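To keep things clear, I will list the structure first and then write my remarks on it.
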Amino acid sequence: MAKVYPAGELRLENVGEEVTVNGWVNNRRDLGGLIFIILRDRSGLVQVAIDPRDNPEAHAAASDVRNEFVLRITGTVRKRPEGTINDKLPTGQVEIVPNKFEVLNPAKPLPFQVNDNSEVDELQRLRYRYLDLRRPFMQNNLIMRHKVTKYMRDYLDERGFLEIETPILIKSTPEGARDYLVPSRVHPGEFYALPQSPQQLKQLLMVSGMEKYFQIARCFRDEDLRADRQPEFTQLDIEMSFIQQEDILQLIEGLYTGMAQTLRPDKKILQSPFPRFSYDESMARYGNDKPDIRFGMELTDVSDLVKDSEFKVFSGAIAAGGQVKGLHLPGCGSYSRRELDGLVDFVKQFGAKGLAYLQLEGETGSLTSKSPAAKFFSPEQLQAIAQKFGPEVKGGDLLVFVADQPAVVANALGRLRNEMGKRLNLINQNIFAFCWVTDFPLLEWNGDENRWDAVHHPFTAPKPEDVPLLETDPGKAKANAYDMVCNGYETAGGSIRIHNRDVQTKMFGLMSYSLEDTQARFGHMLNAFEYGAPPHGGIAAGLDRTIMLFTDEENIRNVIAFPKTQSATDEMTQAPSPVDQRQLKELHIALALPPEKKPGQAN
RNA sequence: GGAGGUGUGGUGUAGCGGCCUAACAUGCUUCCCUGUCAAGGAAGAGACCGCGGGUUCGAAUCCCGUCACUUCCGCCA
């Protein structure tokens, strides 16, 4: 019996061997006499040459074969004749001459072609996902996904971690995202929730003495989708006992450095060890807490230069407790009115009231501007402002400013910075720019509810030195929380947890949870923490986003085998779908549908 | 909940008030062809232009509504 080979692995050294290959017809070239079939399996492509003089039966069978038929070919590997070598294929020096040609299954013409990488309508791809996944780039993405999770498991196993599964049906403890709910048949009127993450369970495993836990965990959040967000997604979830923040950072940094070097050796890691920014520094320099440090163009604060300016937009904002910051856009001084308006509209959608700009002309040191805002500044003031952005500012450049409260300024300019980085081609696509953002605020004031909300989650520990601030100025307290960022994506986030009952009680108090409330929602956690909870902390890394980075994809659907559409439907199986009255009755559920929409009336 | 983009043979696009009885590529069907490799050549089938309404002498094309996909805002501890 001939050895079964992956089609894409046949080479010159196999010449003369009798082999069997299984796969799909990628394409077929019928020269009248000779027929060439390019057979595709997961490993790649190989050519089968069928000559009617060698094997009339095989030739007859091959004549009826069409694209995507499933074949099993047993034959001899032959070196291709001189001048017929195909450099584009790894197997291009050889071909298979079949002794046995079996059609395992025919195939109808496909709704779209899978043997090239041309764009296909997203709906078609999702409806026929099993065909979309035949395309080599999608197969490569899933192969990369496997390699990443394999690397993670090996890395953590070597360091003494245990992979432990946690339940998918858990208790709903609403806070943060909306839960997916599952009705209980046995307990009428009661519901399970699908986990938004295994957060509480992994902390309880620390109380159990597992010490080092990890899980490649599915998480569920019933929120609207984005290019990098699906309602169900996967996290590498990690928790450790008896450790400091530094231990977690080292662990994850080692993991991602190793993965990058092993799985994408062609990509350079921008800086190692990964640079670290405090939350405040990241907000000040990049305008967000997930800075893309593949390019500069940092936010520049000109508040002190313009606080007494005649330009009321600037001086007024500062007088109201705000600030004025700007970006230096090299070469954009020649933007048309239309393009400038485009920038203004861009920042407006992020809460800025407007965007002031200075189109610079002349020589460095004596720059001038004819822009409307320029008339409020003396030539000296204009120089000072320009210089604040650095010595490289020159005629032909554009300076843009947002004047507002710091949060608005940061958001508007942070978004604009990312947009302009892309537009001006400042981003090197061949690097991984990892960094850490640390020292997040612990709490943020919720004006609507008149209480404090946890920025990370309610079990996040304050920095020890900031515990007294919980009494005096909770908004100033920093958390032992940290995010790892890569190329502007938040790739992982975690914290050291509270294991002290008093601090936890204080936190719940600030968040205005009543005693009953706390007990009902987190009683199991508080009880557990009374039986000897070790100091612990952890992190969760977004697996899907990690794969996106490792495959250069900009869409999460391309790294998930069976993703959902933006309206959270599965086009392949048509989920969600109405269910039988019987099922509903068994679950003690009566529908109260909005009048206009009935289930099952898509299209 | 809101804003933008897209919707034309199986697939990807062009056409953006009359030349459209809708074009091109690819795929599909039939035929020719023994060294192709995105094989080539010949012939052919296939879309009432997402759906509904309106404007107009005339609509794939303009307007309104609606549905779907998509990107973004809100939302996502």
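The opening position of the first sequence corresponds to residue 3 in this note's numbering, with each subsequent residue numbered one higher.
For each residue, glycine too, the CB sits at the ideal point set by N, CA and C.
The model shown is predicted, which means the values in this text are computed figures rather than measured ones.
Within its chain, find whatever has a CB closer than 7 Å to the CB of residue i; leave out the 5 residues flanking it on each side and keep chain order.
{"i": "Leu251", "result": "Trp438, Tyr484"}
{"i": "Met285", "result": "Asp291, Ala412"}
{"i": "Ala604", "result": "Reliability fails at Ala604, whose pLDDT of 34 lies under 50, so the model's placement of it is uncertain and the value that follows must be treated cautiously. Contacts found: none."}
{"i": "Glu365", "result": "Gly397"}
{"i": "Cys488", "result": "Phe434, Ala435, Phe436, Leu551"}
{"i": "Gln431", "result": "none"}
{"i": "Leu472", "result": "Pro464, Ala479, Lys508, Leu512"}
On a Cα-Cα basis, can you pick out the residue from the options that is closest to residue i?
{"i": "Phe222", "options": "Val209, Lys214, Ser497, Gln237", "result": "Gln237"}
{"i": "Lys314", "options": "Ala376, Cys334, Gly477", "result": "Ala376"}
{"i": "Gly490", "options": "Leu517, Ala530, Ala463, Ile429", "result": "Ile429"}
{"i": "Glu177", "options": "Pro83, Leu593, Phe524", "result": "Phe524"}
{"i": "Lys478", "options": "Pro466, Leu445, Gly367, Pro460", "result": "Leu445"}
{"i": "Phe216", "options": "Leu253, Cys488, Gly191, Leu133", "result": "Leu253"}
{"i": "Val6", "options": "Val21, Leu14, Glu15, Val17", "result": "Val21"}
{"i": "Arg42", "options": "Pro54, Thr86, Arg339, Val23", "result": "Val23"}
{"i": "Pro460", "options": "Met509, Met422, Gln431, His590", "result": "Met509"}
{"i": "Ala522", "options": "Asn142, Thr175, Arg55, Leu133", "result": "Thr175"}
{"i": "Pro332", "options": "Glu15, Ile271, Leu426", "result": "Leu426"}
{"i": "Arg155", "options": "Gly260, Ile52, Val184, Glu225", "result": "Gly260"}
{"i": "Pro58", "options": "Gly35, Pro476, Val116", "result": "Gly35"}
{"i": "Asn560", "options": "Asn119, Asp294, Glu467", "result": "Asn119"}
{"i": "Pro464", "options": "Thr474, Glu451, Val505", "result": "Val505"}
What whole-angstrom Cβ distance do residue i and residue j have, given they're in contact under 8 Å?
{"i": "Arg296", "j": "Ala435", "result": "4 Å"}
{"i": "Leu360", "j": "Leu401", "result": "4 Å"}
{"i": "Ala386", "j": "Leu307", "result": "5 Å"}
{"i": "Lys214", "j": "Gly256", "result": "Actually they are not in contact, since the Cβ atoms of Lys214 and Gly256 sit about 14 Å apart, beyond 8 Å."}
{"i": "Leu357", "j": "Leu345", "result": "6 Å"}
{"i": "Glu241", "j": "Gln205", "result": "7 Å"}
{"i": "His590", "j": "Pro190", "result": "4 Å"}
{"i": "Pro408", "j": "Gly324", "result": "7 Å"}
{"i": "Ala195", "j": "Leu207", "result": "About 19 Å; that fails the 8 Å criterion."}
Considering only residues of the same chain and omitting the five flanking positions on each side of residue i, which have a CB-CB separation below 6 Å?
{"i": "Pro111", "result": "none"}
{"i": "Glu312", "result": "Phe378"}
{"i": "Ala414", "result": "Val349, Phe352, Ala354, Val404"}
{"i": "Tyr153", "result": "Met261"}
{"i": "Ala219", "result": "Pro200, Gln237, Asp239"}
{"i": "Leu158", "result": "Phe216"}
{"i": "Gly423", "result": "Phe297, Ile429"}
{"i": "Ser368", "result": "none"}
Excluding the five sequence neighbours on either side, which residues of its own chain have a C-beta within less than 8 Å of the C-beta of residue i, listed in chain order?
{"i": "Lys600", "result": "Low local confidence applies: a pLDDT of 38 at Lys600 is under 50, so the model's placement there is unreliable, with the coordinate-based value given in what follows. Around Lys600: no qualifying Cβ."}
{"i": "Glu532", "result": "Arg503"}
{"i": "Glu588", "result": "Arg187"}
{"i": "Thr462", "result": "Leu444, Ala456, Ala481, Asn482, Ala483, Ser497, Ile498, Arg499, Ile500"}
{"i": "Asn448", "result": "Trp454, Asp455"}
{"i": "Ile87", "result": "Gly94, Gln95"}
{"i": "Arg180", "result": "Arg223, Asp224, Glu225"}
Ends of the beta strand (DSSP E) at residue i?
{"i": "Leu1", "result": "Because the chain here runs from 3 to 605, residue 1 falls outside it and cannot be looked at."}
{"i": "Val505", "result": "Note, Val505: premise wrong, no beta strand (DSSP E); alpha helix (DSSP H) at 503-512."}
{"i": "Tyr515", "result": "Where Tyr515 is concerned, there is no enclosing beta strand (DSSP E), given that its DSSP letter is neither H nor E."}
{"i": "Lys566", "result": "Counting along the chain, Lys566 falls outside any beta strand (DSSP E), and DSSP gives it neither H nor E."}
{"i": "Pro185", "result": "183-185"}
{"i": "Ile52", "result": "46-52"}
{"i": "Thr78", "result": "72-81"}
{"i": "Met486", "result": "483-488"}
Looking at the unbroken alpha helix (DSSP H) that takes in residue i, where does it start and where does it end?
{"i": "Arg551", "result": "With the sequence shown as reference, residue 551 is identified as Leu, and Arg is not the correct amino acid for it. From DSSP, the alpha helix (DSSP H) with Leu551 extends over 545-553."}
{"i": "Phe348", "result": "339-350"}
{"i": "Val581", "result": "That residue, Val581, is in no alpha helix (DSSP H); it is neither H nor E in DSSP."}
{"i": "Leu415", "result": "408-425"}
{"i": "Val612", "result": "Any answer about residue 612 is impossible in this case: the structure gives the chain only from 3 up to 605."}
{"i": "Gly256", "result": "247-265"}
Would the segment 63-80 count as touching the segment 94-108 if we require 3 or more Cβ pairs under 8 Å? yes
Are the segment 128-145 and the segment 578-588 touching by the rule of at least three beta carbon pairs closer than 8 Å? no
Three or more C-beta pairs closer than 8 Å, one from the segment 62-69 and one from the segment 25-32: is that the case here? yes
Does the segment 450-460 come close enough to the segment 498-514 to have 3 or more Cβ pairs within less than 8 Å? yes
Between the segment 531-538 and the segment 489-507, are three or more C-beta pairs nearer than 8 Å? yes
I want to know whether the segment 200-215 touches the segment 165-179 - three or more CB-CB distances under 8 Å. yes
Okay, do the segment 37-56 and the segment 9-23 touch, 3+ Cβ pairs below 8 Å being the bar? yes
Is there contact between the segment 87-98 and the segment 541-550, where contact requires at least three CB pairs shorter than 8 Å? no
Would you check if there are 3 or more beta carbon pairs closer than 8 Å linking the segment 390-401 to the segment 320-331? yes
Touch check for the segment 259-271 and the segment 142-156: three-plus C-beta pairs under 8 Å? yes
Is it true that the segment 118-129 meets the segment 76-92, where meeting means three or more beta-carbon pairs spaced less than 8 Å apart? no
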